[in-house]
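Here the structure is laid out as structure tokens; the discussion comes afterwards.
There are 2 protein chains.
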Amino acid sequence: MATISDVARAAGVSPATVSRVFNGGRVTPERVERVRKAASDLGFSPNRVARSLRMQRASVIGLLVPDIENPFFTSLARGVEDAAQRTNLSVVLCNTDDDVEKERRYLDIALAEQMAGVIVAAASRKHTDLSALAARGMPVVAVDRRPRAAAVDAVTVDNQLGGEEATAHLLDGGYERVACITGPAGASTSEDRLAGYRAAMRDAGVSEESTRPYVRYADYRVDGGYAATRELLALPSPPDAVFVTNSLMTVGALQALRESGIEPPDVGVLSFGDVPWASLVRPPLTTVQLPSYDMGASAAALLQERLAGSGKPLQTVVLRTALQPRESTRGPAARD
Amino acid sequence: MATISDVARAAGVSPATVSRVFNGGRVTPERVERVRKAASDLGFSPNRVARSLRMQRASVIGLLVPDIENPFFTSLARGVEDAAQRTNLSVVLCNTDDDVEKERRYLDIALAEQMAGVIVAAASRKHTDLSALAARGMPVVAVDRRPRAAAVDAVTVDNQLGGEEATAHLLDGGYERVACITGPAGASTSEDRLAGYRAAMRDAGVSEESTRPYVRYADYRVDGGYAATRELLALPSPPDAVFVTNSLMTVGALQALRESGIEPPDVGVLSFGDVPWASLVRPPLTTVQLPSYDMGASAAALLQERLAGSGKPLQTVVLRTALQPRESTRGPAARD
DNA sequence: CGCTCCTGATAAATCGATTTCTCAGAGAAG
DNA sequence: CTTCTCTGAGAAATCGATTTATCAGGAGCG
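Okay, structure coming up:
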């Protein structure tokens with residue numbers, strides 16, 4: 001691999017001049033030409049490791065997500081990646097498994113690798129500690145979930161409003177005993193969506209006391225949704241509708257319902273977070289669509305702004321969710 | 337951030353000694369103790385960039401996949417990541433979008449970042465050029481798709497056999513005019529699965545000539561599957577079953593079929609590649625399951641073997657697919 | 001003509017860890 | 001007692017790019 005000195009020698013100039021040609025310094029046009037030619041002849045591409053060491057900053061950003069198998073995060077990751085690509089940043093994708101310890105390890109790596117910045121969907125509201133990064137001046141953007149006290153930019157959706165709309169939609173559809181299966185107790189998304197559910201129920205005149213048995217915390221995974229649904233069905237007075245706060249748990253919930261022989265529309269199911277194959281489930285599922293790709297893109301844009309040295313005060317971008325009813329898309333084959 | 341010299345100073349030794357303590361050199365126990373203490377007092381963690389520069393190798397491996405939104409690759413990525421974690425390797429995930437140019441750019445980055453190695457699901461059988469990596473002695477493992485002539489280790493599944501079994505299963509089910517929607521013409525997986533289809537049709541006494549109209553190349557995406565299915569349905573004598581060679585295209589195919597009012601079991605649909613929600617589609621879909629996670633894990637293991645300096649001859653690991661019939665799981669609510 | 005100022009280029013320092021080279025001192029062998 | 005060997009440790013070179021300090025040479029001005 002050709003180094004900057006090889007190019008310098010071939011072009012008959014000093015390494016410093018070569019560096020200036022590529023990083024914008026004043027160099028006479030004639031030399032610029034010589035250097036460019038020598039570089040392309042030798043197939044020179046600068047060693048990013050050496051550059052990072054000298055610059056004290058790599059051209060890599062870290063993206064920490066709890067579960068890359070969750071389509072929401074995959075799509076978010078694409079948003080980040082596409083935006084990052086535009087400024088020649090690479091993205092390192094890290095799975096935290098919602099494990100604070102694993103997350104901490106990745107944050108250490110981000111520091112040791114001198115990454116340019118980090119976008120993080122925090123594993124825990126309380127325990128995720130971003131202070132070490134802040135201390136080193138590394139820009140951080142929180143996405144999807146807000147860590148509690150950290151002073152960082154953030155991109156979220158209005159989870160409470162979304163949860164409220166979702167629940168209200170079920171109530172409007174004539175369902176009465178609406179249950180809610182939400183995510184882990186620590187996460188801001190779980191709590192906010194649940195708060196939306198509670199608000200909608202209150203508005204409908206249902207006391208908080210009587211909703212209590214219908215609320216279940218699970219883990220945002222298929223199995224969690226399944227187990228929670230089984231529990232709900234075993235209640236003396238089981239719910240006639242369920243608001244599930246993420247798409248993977250919805251898969252589990254539908255499986256559990258199917259096993260019990262109860263299915264939409266006999267039971268109402270509403271998923272927070274889009275399911276790409278929602279239209280294939282019979283009858284089609286109503287979902288709250290999350291702008292996952294845009295959240296990733298916005299987060300990356302925010303981070304890049306900070307990297308460029310923006311001194312703006314911290315900002316939180318809140319995107320809107322969109323309720324997508326699917327009753328109307330019942331295909332002609334839905335004869336039952 | 338504390339450097340190795342800070343630690344050395346605090347412990348009253350030279351930086352060389354500190355390095356030896358952490359990387360296994362001969363140091364007297366008493367000094368080891370002093371260094372360890374100083375390091376933990378200062379919260380020292382070695383700067384990976386500096387280390388990479390000196391070692392001429394980073395502790396990062398690149399994973400290049402065509403589409404991270406495809407569940408197959410997500411699961412494969414987890415396999416790679418879990419295996420890599422065990423030897424303290426980080427994984428950089430790169431989306432190539434099946435674009436040879438984008439892929440080339442990522443391969444360049446892998447070189448410039450001095451990554452320890454690369455695992456690649458090649459965008460193109462012909463045009464993916466791994467020679468530059470090989471020339472630099474960077475270990476490469478091909479996964480899922482075999483690049484044509486490259487001398488690299490590989491992990492694949494027996495796509496032809498899988499395609500044959502899948503097609504045979506449809507024929508056994510009583511379907512006669514079986515179509516095949518396969519992936520991009522360049523990719524080895526497309527061609528091999530198609531070859532399996534052709535073999536099965538031949539065995540059933542159908543001439544290659546007459547299968548020709550029933551073969552469609554698409555792009556392994558939802559939309560591609562949709563469009564191909566529309567075309568097939570518009571034929572004078574439309575197929576009565578279709579073998580779709582990946583799960584995303586299957587979603588598209590099912591959508592197209594639904595729109596036309598034809599659905600399983602009136603038409604046979606068999607998906608190559610598992611669909612996590614297969615059991616929710618009515619009636620449940622038969623799929624060919626791919627050991628995606630294991631493929632990732634095996635690829636990572638192979639790579640690590642090379643990194644450890646194994647001089648073994650090149651090997652190709654071929655995993656088996658598993659046909660998963662789902663007819664029997666029809667739930668009680670399937671009354672139509 | 002002499003002096004200052006400016007421009008473009010180079011030499012050398014720098015980033016932080018690893019590793020080779022060199023050396024001092026302890027212990028063994030003669 | 002001298003010489004040789006061996007071990008542990010420090011000094012310094014190294015990886016490759018960026019950047020600061022320095023310098024040479026030409027233009028402009030009095």
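Taken in sequence, the protein lines are chains A and B. Using this note's numbering, the first residue of the first sequence is number 1, and each one after it goes up by one. Using this note's numbering, the first residue of the second sequence is number 337, and each one after it goes up by one. Beta carbons are placed, not taken as given, at the ideal position from N, Cα and C, and that holds for glycine.
query: Distance, B:A386 Cα to B:A347 Cα; result: 21 Å
query: Local Cβ density within 10 Å of A:P313, reported as buried at 16 or more and exposed below that; result: exposed
query: Partner residues on chain B for A:D98, Cβ-Cβ distance less than 8 Å; result: Going along chain B, no residue has its Cβ under 8 Å from A:D98, so there is no contact; the nearest lies around 14 Å.
query: Nearest to A:F272 (by Cα), restricted to the options A:Y220, A:R306, A:A227 and A:V152; result: A:Y220
query: Range covered by the beta strand (DSSP E) that runs through B:T518; result: V514 to T518
query: Runs of alpha helix (DSSP H) lying entirely within the segment 514-578 of chain B, each at least 4 residues, in chain order; result: 524-539, 544-547 and 558-569
query: Partners in chain B for A:L344, counting only beta-carbon separations shorter than 7 Å; result: The first residue shown for chain A is 1 and the last is 336, placing residue 344 of chain A beyond what the model contains.
query: Where A:G273 falls: helix, strand or coil (DSSP); result: coil
query: Residue-level contact to chain B via CB, A:P46, 8 Å cutoff; result: yes
query: Pick from A:Y293, A:V269 and A:D294 that is closest to A:P325, judged by C-alpha positions; result: A:V269
query: Candidates A:A77, A:V91, A:A121 and A:A228: closest to A:D97 by CA position; result: A:A121
query: Neighbour-count burial assignment, B:D489, 16 or more Cβ in a 10 Å radius; result: buried
query: Three-way DSSP call (helix, strand, coil) for A:N159 in this model; result: helix
query: B:I340 vs B:V354 beta-carbon contact at 8 Å; result: yes
query: Distance CB(B:V491)-CB(B:V653) smaller than 8 Å; result: yes
query: Segments assigned alpha helix (DSSP H), at least 4 residues, entirely inside the segment 433-465 of chain B; result: 436-448
query: Identity of the residue in B:A563, B:G473, B:D465 and B:N495 nearest B:R484 by Cα; result: B:D465
query: CA-to-CA distance, B:A521 to B:D602, given in whole angstroms; result: 29 Å
query: Inter-stretch contact (C-beta, 8 Å, three-pair minimum) for the segment 494-511 of chain B and the segment 547-563 of chain B; result: no
query: Amino acids of chain B, ordered along the chain, whose beta-carbon sits closer than 9 Å to that of A:I181; result: The contacting residues do not exist; A:I181 stays about 17 Å from chain B at best.
query: Residues, ordered as in the chain, of the segment 65-98 of chain A that lie near chain B by beta-carbon distance below 8 Å; result: I68, E69, P71, T74, S75, A77, R78, E81, S90, V91, V92, L93, C94 and N95
query: Endpoints, the alpha helix (DSSP H) within which B:N431 is located; result: Taken as a continuous stretch (DSSP letters only), B:N431 belongs to no alpha helix (DSSP H), being part of the beta strand (DSSP E) at S426 to N431.
query: Proximity below 8 Å, CB of B:R367 to CB of B:V396; result: no
query: Within-8 Å CB hit, A:D129 to chain B; result: no
query: Nearest-angstrom beta carbon gap, A:V222 and A:R252 [assumed within contact, 8 Å]; result: The sequence as given places Gly at residue 252 of chain A; Arg does not occur at that position. Confirmed, Cβ separation roughly 4 Å.
query: Beta carbon proximity, B:E306 to chain A, threshold 8 Å; result: The requested residue 306 of chain B does not occur in the structure, where chain B is confined to residues 337 to 672.
query: Identified DSSP bridge partners for B:I397; result: B:V427 and B:G453
query: Identity of the residues DSSP links to B:A278 by a beta bridge; result: A query on residue 278 of chain B cannot be resolved here, the shown segment of chain B reaching from 337 to 672 and no further.
query: Under 8 Å between C-beta atoms of A:V143 and A:A299; result: yes
query: DSSP-derived helix/strand/coil call for A:S328; result: For A:S328, the predicted structure reports a pLDDT of 35, less than 50, and the residue's modelled location is therefore unreliable. A value from the coordinates is still provided. A:S328 falls in the helix class under three-state DSSP.
query: Classification of A:S131 by the beta-carbon crowding that lies within 10 angstroms, buried from 16 upward; result: exposed
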